[in-house]
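Encoded as structure tokens, the structure appears first; notes follow it.
Numbering (the working numbering), first residue to last: 541 to 670.
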């Protein structure tokens with residue numbers, strides 16, 4: 541049903557779904573279509589960061605830059621900090637990931653994604669269960 545809609549919102553949902561299905565090439569093609577519509581739109585930027593973070597293109601740090609830019613533009617949120625932390629884990633910067641997740645937990649200590657990623661970052665940093 542989503543595939544017949546042409547708006548950025550529907551395309552962003554499709555990108556997220558394709559990433560979850562491990563269909564990176566299709567997700568990248570959808571982001572290109574989004575960029576043709578409006579590459580400066582927030583949804584286009586976030587979709588681009590998501591695809592870049594999980595694509596095997598070697599451009600993972602570009603996703604970190606996009607998330608940082610979004611945080612500077614719109615303010616820090618638990619979700620943005622969590623996504624920055626995930627990218628930091630992908631670049632093996634575990635200390636930064638843990639700092640970002642601690643900040644995200646201060647904003648929303650009940651967010652399941654933040655809690656799970658905090659445990660993962662702590663394991664990478666060889667911390668005891670706390």
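Every residue, glycine too, gets a C-beta built ideally from N, C-alpha and C.
Between the CA atoms of residue 623 and residue 642 - distance to the nearest angstrom
Straight across, the Cα-Cα distance linking residue 642 with residue 623 is about 13 Å.
Extent of the continuous alpha helix (DSSP H) run through residue 594:
Segment 582 to 594, the alpha helix (DSSP H) holding residue 594.
Give a single yes or no on whether residue 649 has its beta carbon closer than 7 Å to a heavy atom of the ligand ADP.
You won't find the ligand ADP in this model; it holds no ligand whatsoever.
Determine the direct distance from the alpha carbon of residue 602 to that of residue 592, and round the result to whole angstroms.
7 Å
Would you call residue 665 buried or exposed, if buried means 16 or more other Cβ atoms sit within 10 Å of its Cβ?
exposed
Does the count of Cβ pairs from the region 608 to 622 and the region 643 to 659 closer than 8 Å reach three?
yes
Beta-carbon within less than 7 Å of residue 568's beta-carbon, same chain only, minus the 5 sequence neighbours each way: which residues are those?
591 and 595
Which residue marks the beginning of the alpha helix (DSSP H) containing residue 636, and which one marks its end?
Start and end: 634 to 647.
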